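Asks:
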Amino acid sequence: MHQILFYIGDYPIRAYGTIVAISILLAIGMASYMAKQERKYEDHVSGMAIWAIIGSLIGARLWQVFFFEWDMYSQNLGEIFAIWNGGMSIQGGLVGGFIGGGLYTWRNKILFWEFADIVAPGIILGQAIGRIACFMNGDAFGSPTGSDFGLVYPEGTFAYATYGSQPLWPAEVWEGQWDLIVLALLFLIKMRGVPTGYLFLLYNILYSVGRFALEFLRGDSDRFAGLTAAQWTSLSVVVIALLFMVYLRFRPAKTSEPRPVQSEPTATS
1 MHQILFYIGD YPIRAYGTIV AISILLAIGM ASYMAKQERK YEDHVSGMAI WAIIGSLIGA
61 RLWQVFFFEW DMYSQNLGEI FAIWNGGMSI QGGLVGGFIG GGLYTWRNKI LFWEFADIVA
121 PGIILGQAIG RIACFMNGDA FGSPTGSDFG LVYPEGTFAY ATYGSQPLWP AEVWEGQWDL
181 IVLALLFLIK MRGVPTGYLF LLYNILYSVG RFALEFLRGD SDRFAGLTAA QWTSLSVVVI
241 ALLFMVYLRF RPAKTSEPRP VQSEPTATS
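Numbering (full-length UniProt numbering), first residue to last: 1 to 269.
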């Protein structure tokens, strides 16, 4: 694992920022593909992505600062803006991204639940790739395994500063793998057919269940009433998603017609 991939002159190209950028591009690519498959909202994916990216960056940083590491950042206020050094909460990024995306759908008068179903696979793909950034940066790490099994982080990482050269549970690696499983499950669920909005809500539930379980292995989070902030967030997301599923059961979401397929012009002789 390398925090700095290479240098351009004296400027370091950091693994964290590079991989996060790749994850965003792949998420947008997946969302564009899904929109083309559905023949809906192809022209809105890039616009929504801009709003969601801005919201997710703000949400991810604020969530990390105030829910996970306020003791440190309160003593180093200037570091709050140094996002290139890592310290971004995926859950905060999702909340901020959903708000940004929701504002985009409202502003452009498009159907939120239908659009959310289309972009859900792209979101979870981006999360899976994004966890590689955490691994390379040495954050989102696990607690000591107490055995020879585990990841040993190098000096200069947050994990090493916390636990030294002890083997740690590969929490962030397993979370990325769980995200890929969720992606596969979403495609299977979509093939079976579910009401509009359910695919997005099931994505939230599946991801949150996995995150809740893996948090027991994390070694970088304080606990409140026996659970981490991420676990309390996961529980809240599951409850809210279930309530929305009940709501959509009795008040089905509106759907739009697919974009008509334009036939190719025929040659004349």
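C-beta atoms are modelled at their ideal positions from N, C-alpha and C, and glycine is treated no differently.
Computed from a prediction, not measured in an experiment: that's the story for all the values here.
So, using beta-carbon positions, are Ser130 and Val246 closer together than 8 Å?
Replies: Residue mapping note: residue 130 aligns to position 130 of the sequence shown, counting from 1. Residue mapping note: residue 246 aligns to position 246 of the sequence shown, counting from 1. In the sequence as displayed, the identity of residue 130 is Gly instead of Ser. No. Outside cutoff.
Asks: Name the DSSP bridge partner or partners of residue 271?
Replies: As displayed, the chain neither begins before 1 nor continues past 269, which places residue 271 out of reach and without an answer.
Asks: Please go through the same chain and pick out, in chain order, the residues whose beta-carbon is closer than 8 Å to the beta-carbon of Gln64, but skip the five residues on each side of it.
Replies: Your numbering for residue 64 matches position 64 in the sequence shown. Cβ neighbours of Gln64 beyond the five flanking positions: Gly87, Met88, Ser89, Gly92.
Asks: Where Val173 and Leu125 are concerned, what is the direct C-alpha to C-alpha distance, given to the nearest angstrom?
Replies: Within the sequence shown, numbered from 1, the residue matching residue 173 stands at position 173. Within the sequence shown, numbered from 1, the residue matching residue 125 stands at position 125. In a straight line, the C-alpha of Val173 is about 14 Å away from that of Leu125.
Asks: At the level of alpha carbons, what is the spacing between Tyr203 and Gly9?
Replies: Residue mapping note: residue 203 aligns to position 203 of the sequence shown, counting from 1. Residue mapping note: residue 9 aligns to position 9 of the sequence shown, counting from 1. Using only the alpha carbons, I get a separation of about 43 Å.
Asks: Can Leu151 and Glu175 be called in contact, C-beta distance under 8 Å?
Replies: Position 151 of the sequence shown holds residue 151. Position 175 of the sequence shown holds residue 175. No.
Asks: Rounded to whole angstroms, what's the CA-CA distance from Tyr160 to Gly138? Just pull it up for me.
Replies: Mapped onto the sequence shown, residue 160 falls at position 160. Mapped onto the sequence shown, residue 138 falls at position 138. Near 8 Å, if we compare the C-alpha coordinates of Gly138 and Tyr160.
Asks: Starting from Lys190, trace the alpha helix (DSSP H) both ways and give me its first and last residue.
Replies: Within the sequence shown, residue 190 is the residue found at index 190, counting from 1. Counting along the chain, the alpha helix (DSSP H) containing Lys190 begins and ends at 171 to 192.
Asks: Using 8 Å as the cut-off, can you tell me whether the region 106 to 117 makes contact with the region 192 to 203, which would need three or more C-beta pairs spanning the two stretches below that distance?
Replies: These segments touch.
Asks: Would you kindly check if the distance between the Cβ of Tyr104 and the Cβ of Gly47 is under 8 Å?
Replies: In the sequence shown, the residue the question calls residue 47 occupies position 47. In the sequence shown, the residue the question calls residue 104 occupies position 104. In this structure, Tyr104 lies closer than 8 Å to Gly47 by Cβ.
Asks: What residue does the alpha helix (DSSP H) around Asp117 start on, and which one ends it?
Replies: In the sequence shown, counting from the first residue as 1, residue 117 sits at position 117. First-last of the alpha helix (DSSP H) with Asp117: 112 to 137.
Asks: Could you round the C-beta distance between Val209 and Val238 to whole angstroms and report it? I think they count as a contact, below 8 Å.
Replies: For this step, residue 209 is matched to residue 209 along the sequence shown. For this step, residue 238 is matched to residue 238 along the sequence shown. About 7 Å separates the two Cβ atoms, so the contact holds.
Asks: For the ligand GTP, any of its heavy atoms closer than 7 Å to the Cβ of Val119?
Replies: Among the components of this structure there are no ligands whatsoever, and the ligand GTP is therefore not found.
Asks: Using CA atoms only, rank isn't needed, just tell me which of Trp51, Ile28, Ile53 is closest to Glu42.
Replies: Mapped onto the sequence shown, residue 42 falls at position 42. The residue with the shortest Cα to Cα distance from Glu42 is Ile28.
Asks: State buried or exposed for Trp169, treating a residue as buried only when at least 16 other CB atoms are found within 10 Å of its CB.
Replies: Reading the sequence shown from its first residue, position 169 is the one you call residue 169. Buried, since its Cβ has 16 or more Cβ neighbours within 10 Å.
Asks: Kindly list the residues whose CB is nearer than 6 Å to the CB of Thr6, restricted to its own chain and excluding five residues on each side of it in sequence; keep chain order.
Replies: Position 6 of the sequence shown holds residue 6. For the sequence presented, residue 6 should be read as Phe rather than Thr. If we look at Phe6 and ignore the five residues flanking it on each side, its Cβ neighbours are Ile13.
Asks: With a threshold of 8 Å on Cβ separation, who are the neighbours of Phe149 within its own chain once the five nearest residues in sequence on each side are excluded?
Replies: Within the sequence shown, numbered from 1, the residue matching residue 149 stands at position 149. Only Pro167 meet the Cβ criterion.
Asks: Bridge partners for Phe224 per DSSP, in chain order?
Replies: As a working mapping, residue 224 is identified with position 224 in the sequence shown. Its beta-bridge partners are Leu227.
Asks: Grab the span of the alpha helix (DSSP H) containing Gln91 for me, first residue to last.
Replies: Taking the sequence shown and counting its residues from 1, the one referred to as residue 91 is at position 91. Residues 90 to 107.
Asks: Helix or strand or just coil, what does DSSP make of Gly142?
Replies: Indexing the sequence shown from 1 puts residue 142 at position 142. Correct three-state label for Gly142: strand.
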